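Colleague:
Number of protein chains: 2
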Amino acid sequence: MKPRLIDIARRADVSEATVSRVLNARPGVNEATRSAVLEAARALGRELPAAVAVREALVGVLVPDVENPVFAQWAERIEAELFQRGAAMLLAVRPRSLEREREILERFARVGAQGIIVVSGHHAQETADVSHYRELSALGMPLALVNGVRADIDAAFVSTDDARAVAVAVAHLRELGHVRLGLAMGDERTWPVREKVHAFERLAHRGAAPPVAYTDFTYAGGYQAAVELVGRGCTAILCGSDVMAAGALEGVRGLGLEVPRDVSVVGYDDSQWAAMTSPPLTSVRQRVPQMARAVVRAVLEGGEGSRRPRRTEAVMAPELIVRGSTAAAPALDVFPAPTRAGAADTMVG
Amino acid sequence: MKPRLIDIARRADVSEATVSRVLNARPGVNEATRSAVLEAARALGRELPAAVAVREALVGVLVPDVENPVFAQWAERIEAELFQRGAAMLLAVRPRSLEREREILERFARVGAQGIIVVSGHHAQETADVSHYRELSALGMPLALVNGVRADIDAAFVSTDDARAVAVAVAHLRELGHVRLGLAMGDERTWPVREKVHAFERLAHRGAAPPVAYTDFTYAGGYQAAVELVGRGCTAILCGSDVMAAGALEGVRGLGLEVPRDVSVVGYDDSQWAAMTSPPLTSVRQRVPQMARAVVRAVLEGGEGSRRPRRTEAVMAPELIVRGSTAAAPALDVFPAPTRAGAADTMVG
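Protein chains in written order, with the working numbering: chain G, 13 to 361; chain R, 13 to 361.
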């Protein structure tokens, strides 16, 4: 006699709904539970379709591009975590448009993804349409979204603490005597940019807004931002990515100045080649390995026992890696005259 | 009445074997043929299991790592080609050991990959055990293997023409007056390294072997190789990767010399940040977009009409991208004294 769901459920100590999910190869059951259900089903003599018995978890991962090495690192670390847990990674890159992003996520679901991780997707934009995330979540698909938080999506959110990232870089530069700091950023509609700009503004007090150059997260964008910010009197530049920072190094050189003698430059991401620029970059390192572990755990355990993913939020503190692109401020700033100190107060002092 | 395979085969103008493959969701049928078969089956009233009807192609892709940006570029371009054809990419990185590589390829097959692409895997080593490739191939799995050729695997091989890569770099440096060229390479057991070294040796004639430094394909490896090769009197260094070349730039600086005034450096891959080093790298560019298209086409169309993949080999010519890391040889070499010209002949002259 074919065992009933309830028999299997009792033996495996789970709900009937969970047994049904496992036997129908639906997402949202973690590997341990799945194994227990399959073992109970086998022990009770239930025949299992081959597809269910041998199925390993597939997880869809979407990253913006791999030209920025930090996104390649994200993909690599997430894959390593998935592999360790017996799961395989479906990777897609360059969502470009919202439509393309929707198409990718739907394709992940269609080919059998049991969870989806999105790094810096449209969930990172304040006003983007995110109905495709909501639809997947409503279907019970575990979602983990990196570096961007939206109140209207049920997902596990894992982000770097952007305020802290700015704070550690600013503290380092202040210790070196810099008072006129500039911020070089990309698209201001995105969560990490807004968070960093707000933090930067909070660190400035009394008076004029601190200098922020909005270009884009590229080498050319960094070059252009550096020229603008040095033109506005900055002796130190915080960049939104290492790629931007590499461009900023060249922008400073293009002005006939030297890094770090005349201008200090701080990168962001501490990507693998931050140590390879000349001079090597001081950079703020996101804790990609820990964050990758957190998102993988979230999607593989996300929907257990319920069709509804649980909404969670985690922020992780970054750390500053000091190398050769930052040094003491030029003499004028190290020993500021009273009038200069006054000017500093209106910037970030 | 349930239509027979032969009816569907006639309507779709394919063999019965192909119809059987499609209806059983087995690999080795290209998307156009698959669609035609499914359409014919539907038109004749054959019910299709949901898994077959909605199934989209999954292709497994294995790259060595993503720290070297050229491998990130490979993954990105292959994914773009797959996406365009309605397929999704399973990505795994860092095979490390042969055992791990075997495990990854088997997992690809288990989760339903309909083809597998390996970039610079163990197929690139002359003597590595490649039985796992042969087993998959024997099961009808289409394989496409990049930058490495083994006579004992049935697969589509697509490689950059390494001899040509060395030739264009050497020609460029000779035009600039360099006669003492050195080669900086990684693991000499791999196909691309052997091909490049052989080409480099062919370009040297009469007498002593040209200077080759075997370190590894890293920044530190490039640094060390540059110190060694400059110590052996080289005024120009061909590197096996851009990462090595970045290290070589710093190695030359560490000796108190300048690139390109005293020593010219040529990279390999022309990865995205070759233009971001200081000075920007002259580099040999592999035709990754074209090669990615070729391997994707090979795996998606590979096994059609037969369980046995067809063995094919293609080599693609690279191109030299000239930037700021190469310049005229130092005066001594531009106007060589007779004794120096004699020495040049024994090197690469």
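The C-beta atom is built at its ideal place from N, Cα and C for all residues, glycine as well.
Quick caveat, the model's predicted, so the values are computed rather than measured.
#1: Would you call the region 151-159 of chain G and the region 167-176 of chain G in contact, with 3 or more CB pairs under 8 Å?
#2: What does G:A258 touch in chain R if you count any residue whose Cβ is under 8 Å from its own?
#3: Can you find a CB in chain G that lies within less than 8 Å of the CB of R:M101?
#4: Quick one: Cα of R:A232 to Cα of G:V142, how far?
#5: Please state if the CB of G:P342 and the CB of G:Q298 are separated by a distance shorter than 8 Å.
#6: Could you list which residues in chain R have their beta carbon closer than 8 Å to that of G:D196, in chain order?
#7: Which residues in chain R sit within 9 Å of G:P107, going by Cβ to Cβ distance?
#8: Which residue spans inside the region 166-238 of chain G form an unbroken beta strand (DSSP E) run of at least 3?
#9: Under three-state DSSP, which class holds R:S283?
#10: Mark R:S295 as exposed unless 16 or more other C-beta atoms lie within 10 angstroms of its C-beta, in which case mark it buried.
#11: DSSP three-state call for R:G259: helix, strand or coil?
#12: Look at the alpha carbon of G:I128 and the alpha carbon of R:E59, and state the distance between them as a whole number of angstroms.
#13: At least one CB of chain G closer than 8 Å to the CB of R:F367: is that the case?
#14: Specify the secondary structure class of R:M153 as computed by DSSP and reduced to three states.
#15: If we count Cβ pairs, one from each stretch, closer than 8 Å, do we get three or more for the region 251-267 of chain G versus the region 223-241 of chain R?
#16: Quick check on the burial criterion: 16 or more other C-beta atoms within 10 angstroms. Buried or exposed for G:H144?
#17: Would you check if there are 3 or more beta carbon pairs closer than 8 Å linking the region 278-287 of chain G to the region 76-94 of chain G?
#18: Once DSSP output is grouped into helix, strand and coil, what is the label at R:Q137?
#19: Rounded C-beta distance between R:V264 and R:V271? I'm assuming under 8 Å.
#20: State buried or exposed for R:E91, treating a residue as buried only when at least 16 other CB atoms are found within 10 Å of its CB.
#21: Identify whether G:R323 lies in helix, strand or coil by the three-state DSSP scheme.
#22: Classify R:V66 as helix, strand or coil using the three-state DSSP reduction.
#23: Give the single residue among G:R106, G:G72, G:V49 whose Cα lies nearest to the Cα of R:L102.
#24: Exposed or buried, what is R:G98 when buried is set at 16 or more other beta-carbons lying within 10 Å of its beta-carbon?
#25: Of the residues R:R305, R:R162, R:L215, which one's Cα is nearest the Cα of R:C186?
#26: Tell me the DSSP secondary structure of R:E331 in three-state form.
#27: R:S32 lies in the beta strand (DSSP E); which residues open and close that run?
#28: Please determine whether the Cβ atom of R:D173 lies at a distance below 7 Å from any heavy atom of the ligand NAD.
#29: Thinking C-beta only, is G:L56 closer than 8 Å to G:P107?
#30: Pick from G:G259, G:V242, G:T289: whose alpha carbon is nearest that of G:L269?
#31: Report the three-state DSSP secondary structure of R:R45 (helix, strand or coil).
#32: Buried or exposed for G:N36, going by 16 or more other Cβ atoms inside 10 Å?
#33: Between the Cα of G:S290 and the Cα atoms of R:E262, R:V300, R:R305, which residue gives the shortest distance?
#34: Do the CB positions of G:A340 and G:A326 come within less than 8 Å of each other?
#35: Going by CA-CA distance only, name the one from G:R335, G:L312, G:E313, G:L193 that's closest to G:L293.
#36: Can you pull out the residues from the region 76-96 of chain G whose beta carbon lies closer than 8 Å to at least one beta carbon of chain R?
Modeller: The answer reads as follows:
#1: yes
#2: W285, M288
#3: At least one chain G Cβ lies under 8 Å of R:M101.
#4: 45 Å
#5: no
#6: The question names Asp, but residue 196 of chain G is Ala in the sequence shown. The contacting residues do not exist; G:A196 stays about 16 Å from chain R at best.
#7: Close partners of G:P107 in chain R (Cβ separation under 9 Å) are lacking, with about 11 Å as the shortest Cβ gap.
#8: Runs found: 168-172, 193-197, 224-226.
#9: coil
#10: buried
#11: helix
#12: Whole-angstrom Cα-Cα distance: 31 Å.
#13: In this structure chain R extends from 13 to 361, so residue 367 of chain R is not present and cannot be described.
#14: coil
#15: In the pairwise beta carbon analysis, the region 251-267 of chain G is classified as not touching the region 223-241 of chain R: fewer than three pairs are separated by under 8 Å.
#16: buried
#17: yes
#18: strand
#19: 5 Å between Cβ atoms; contact.
#20: Classified as buried, R:E91 has 16 or more neighbouring CB atoms from the shown chains inside 10 Å of its CB.
#21: DSSP places G:R323 outside both helix and strand once states are collapsed to three, so it counts as coil.
#22: Since pLDDT at R:V66 reaches only 47, below the 50 mark, its modelled position is unreliable, and the value read off the structure follows with that caveat. Here DSSP, grouped into helix, strand and coil, assigns R:V66 to helix.
#23: G:G72
#24: exposed
#25: Checking the displayed sequence, the identity of residue 186 of chain R turns out to be Arg instead of Cys. Nearest of R:R305, R:R162, R:L215 to R:R186, Cα basis: R:L215.
#26: Per DSSP, reduced to three states, the secondary structure at R:E331 is strand.
#27: Element bounds for R:S32: not the beta strand (DSSP E) but the alpha helix (DSSP H), 28-35.
#28: As far as ligands go, the structure on display features none, and thus does not contain the ligand NAD.
#29: no
#30: G:V242
#31: The residue asked about is misnamed: residue 45 of chain R is Thr in this sequence, not Arg. DSSP places R:T45 in helix when its eight states are reduced to three.
#32: exposed
#33: R:E262
#34: no
#35: G:R335
#36: D77, V78, E79, P81, A84, Q85, A87, E88, E91, A92, F95
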